[in-house]
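Novice:
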Amino acid sequence: MPMIQHCTYIKVDRKKIYEVLTSADGWNAWFTDDTKLDIRPDGTGEIELRWSKFGIDERDMEDGGVILEAIPNHRFVFQWSPVKGKTVVSFKLIDYKNGTLVQLDEIGYVDTEHDIEACVDCAIGWGEALTLLKIYLEYGIVIKNDLC
Numbered sequence: 001m002p003m004i005q006h007c008t009y010i011k012v013d014r015k016k017i018y019e020v021l022t023s024a025d026g027w028n029a030w031f032t033d034d035t036k037l038d039i040r041p042d043g044t045g046e047i048e049l050r051w052s053k054f055g056i057d058e059r060d061m062e063d064g065g066v067i068l069e070a071i072p073n074h075r076f077v078f079q080w081s082p083v084k085g086k087t088v089v090s091f092k093l094i095d096y097k098n099g100t101l102v103q104l105d106e107i108g109y110v111d112t113e114h115d116i117e118a119c120v121d122c123a124i125g126w127g128e129a130l131t132l133l134k135i136y137l138e139y140g141i142v143i144k145n146d147l148c
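Right, here's the structure in full:
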């Protein structure tokens with residue numbers, strides 16, 4: 001089964017990264033335009049990721065789904081639908097040196113041409129997203145609109 005794995009080192013503590021990953025304002029600061037996010041006390045909830053005039057064709061884009069797990073300062077896991085089925089995106093935060101390793105995994109793609117193409121596109125996108133997150137958290141610079 002195709003899957004995505006990325007890991008990046010961010011010179012910021014886990015708590016700050018977790019706060020950004022688990023709030024609508026956090027996502028909208030570095031990656032999306034109008035995300036809505038609701039985490040219940042049990043660590044589940046809903047996430048709606050929204051972009052305005054995204055990509056070369058400048059189309060509005062929306063995706064999201066169920067938040068499966070939100071463990072403060074450790075993990076954030078949600079479903080979304082970059083393909084016909086749902087995939088699961090997991091952010092794991094690991095103390096490392098003077099900051100945090102952010103490990104991103106995405107599973108749920110099936111072995112079809114359409115899913116493999118989507119997996120490759122999302123692998124590229126998540127790599128860019130982690131770079132945007134790093135630049136935002138380490139330097140306070142927002143460049144999300146420069147890449148679209």
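With the UniProt record's numbering applied, the sequence shown covers 1 to 148. We put the beta carbon where it would ideally sit given N, CA and C, even for glycine.
1) What are the partner residues of Arg50, as DSSP defines its beta bridges?
2) Could you check whether the segment 5 to 12 touches the segment 115 to 133, counting it as contact only if at least three pairs of C-beta atoms, one from each stretch, sit closer than 8 Å?
3) Thinking C-alpha only, which one of Ser52, Leu68, Glu69, Ile67 is nearest Met61?
4) Can you list, in chain order, the stretches of the alpha helix (DSSP H) that have 4 or more residues and sit fully within the segment 20 to 48?
5) For the pair the segment 35 to 54 and the segment 65 to 85, tell me if three or more CB-CB distances fall below 8 Å.
6) Quick check: the segment 22 to 29 against the segment 107 to 127, are at least 3 beta-carbon pairs closer than 8 Å?
7) Check whether the Cβ atoms of Glu117 and Met3 lie closer than 9 Å to each other.
8) Looking at the unbroken alpha helix (DSSP H) that takes in Thr131, where does it start and where does it end?
9) If I measure Cβ to Cβ from Met1 and keep anything under 6 Å in the same chain, skipping five residues before and after, which residues do I get?
10) Let's see if you can read the secondary structure: which residues bound the beta strand (DSSP E) around Ile107?
Specialist: In short, the structure shows the following:
1) Glu62
2) yes
3) Ser52
4) 24 to 30
5) yes
6) no
7) no
8) 113 to 139
9) none
10) 99 to 107
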